[in-house]
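Engineer: 69 is the number of the first residue of the sequence shown in our numbering; add one for each residue after it. Cβ coordinates follow ideal geometry from the N, Cα and C atoms, glycine included. Quick caveat, the model's predicted, so the values are computed rather than measured.
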Amino acid sequence: MQRHLNVNLEGFDSKGFTSSRSQAEDAQPAGINPLMQTPAPATRGSVFVPPLATALQQARTAQAVLRKTKISPKKLNEFARLIRRMHIDDALVQCQIAPNKAAKLCYKLLLSAKDNAEKDKGLDPEKLRIDRAFVGKGQHSKRMNTHARGRSGVRHVYHSHLTIILAEGQLKRVTRFRPPNAQWNKHKRSIPASVA
Numbered sequence: 069m070q071r072h073l074n075v076n077l078e079g080f081d082s083k084g085f086t087s088s089r090s091q092a093e094d095a096q097p098a099g100i101n102p103l104m105q106t107p108a109p110a111t112r113g114s115v116f117v118p119p120l121a122t123a124l125q126q127a128r129t130a131q132a133v134l135r136k137t138k139i140s141p142k143k144l145n146e147f148a149r150l151i152r153r154m155h156i157d158d159a160l161v162q163c164q165i166a167p168n169k170a171a172k173l174c175y176k177l178l179l180s181a182k183d184n185a186e187k188d189k190g191l192d193p194e195k196l197r198i199d200r201a202f203v204g205k206g207q208h209s210k211r212m213n214t215h216a217r218g219r220s221g222v223r224h225v226y227h228s229h230l231t232i233i234l235a236e237g238q239l240k241r242v243t244r245f246r247p248p249n250a251q252w253n254k255h256k257r258s259i260p261a262s263v264a
């Protein structure tokens with residue numbers, strides 16, 4: 069059962085009230101929406117990059133990949149974060165100084181990447197810097213761990229992948245090497261005769 073209300077809207081226009089019917093009648097015909105004229109984003113959500121630009125960029129880079137190494141990705145990424153955006157020689161010094169396993173793995177991979185850059189790509193070794201160093205999670209496995217009183221538990225064995233990409237760039241060397249026989253600028257302490 070529908071009811072039709074007949075309402076007189078003449079007095080409402082003067083008080084600031086308007087009806088939707090009168091606005092629709094007064095409106096101009098709809099034009100083309102400017103938002104519909106903009107190009108749509110790519111279907112996969114990626115930004116279009118000309119193939120020539122990526123080819124030129126890849127030509128000036130060299131990479132080395134270490135896969136399925138037995139170390140936690142968290143520990144490896146902690147050290148990889150330290151050497152990112154460094155000059156290659158500074159990063160090699162950092163790897164030699166650090167006492168952990170991740171540093172040894174990064175050292176071997178940096179030497180391999182530097183060799184790839186020199187021999188395969190013909191890049192200048194003095195201008196090389198670490199453009200990207202990222203860690204991927206490898207396949208984890210579970211092992212049985214024995215506990216006291218005949219009980220057992222689960223131990224996780226972590227594996228990870230490390231990728232280092234070198235690029236040519238203007239980057240200052242930070243590390244300064246001192247010859248082994250250089251004199252220290254520090255004053256020598258003399259031991260008083262009363263103590264000795």
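Using a Cβ-Cβ cutoff of less than 6 Å, which residues in the same chain neighbour Y175 once the five nearest sequence positions on both sides are dropped?
Structural biologist: C163
Engineer: I want to know whether the stretch 189–199 touches the stretch 230–244 - three or more CB-CB distances under 8 Å.
Structural biologist: yes
Engineer: What distance in whole Å lies between the Cβ atoms of P141 and S228, which are believed to be in contact at a cut-off of 8 Å?
Structural biologist: 4 Å
Engineer: Exposed or buried, what is A201 when buried is set at 16 or more other beta-carbons lying within 10 Å of its beta-carbon?
Structural biologist: Flag for A201 reads buried.
Engineer: Within its chain, find whatever has a CB closer than 7 Å to the CB of H224; leave out the 5 residues flanking it on each side and keep chain order.
Structural biologist: H208, K210
Engineer: Could you tell me the alpha carbon to alpha carbon distance between R153 and I100, rounded to whole angstroms?
Structural biologist: 49 Å
Engineer: Out of L134, H155, L179, which one is the CA nearest neighbour of G204?
Structural biologist: L134
Engineer: Would you list the residues sitting across from A261 in a DSSP beta bridge?
Structural biologist: Answer is none; A261 lacks a bridge partner.
Engineer: Tell me the DSSP bridge mates of G197?
Structural biologist: Per the sequence presented here, residue 197 reads as Arg, with Gly not at that position. Per DSSP, H155, A235.
Engineer: Among Y226, A148, I156, whose alpha-carbon lies nearest the alpha-carbon of T137?
Structural biologist: Measuring from the Cα of T137, the nearest candidate turns out to be Y226.
Engineer: Indicate the three-state DSSP secondary structure (helix, strand or coil) for A166 in the structure shown.
Structural biologist: coil
Engineer: Indicate the three-state DSSP secondary structure (helix, strand or coil) for K176 in the structure shown.
Structural biologist: If DSSP states are grouped into helix, strand and coil, K176 belongs with the helices.
Engineer: Of the residues P167, K169, L144, M212, which one's Cα is nearest the Cα of L230?
Structural biologist: L144
Engineer: In angstroms, rounded to a whole number, what distance separates the CA positions of P167 and F147?
Structural biologist: 11 Å
Engineer: DSSP on N184, reduced to helix/strand/coil?
Structural biologist: helix
Engineer: Give the secondary structure of N101 by DSSP, where H, G and I count as helix, E and B as strand, and everything else as coil.
Structural biologist: coil
Engineer: For R205, does the three-state DSSP call read helix, strand or coil?
Structural biologist: Note that residue 205 is Lys in the sequence shown, not Arg. The three-state reading of DSSP puts K205 in strand, counting E and B together.
Engineer: Which one of A130, P102, L173 has the shortest CA to CA distance from L191?
Structural biologist: A130
Engineer: Distance check for I139 and D188, CA to CA, integer angstroms please.
Structural biologist: 29 Å
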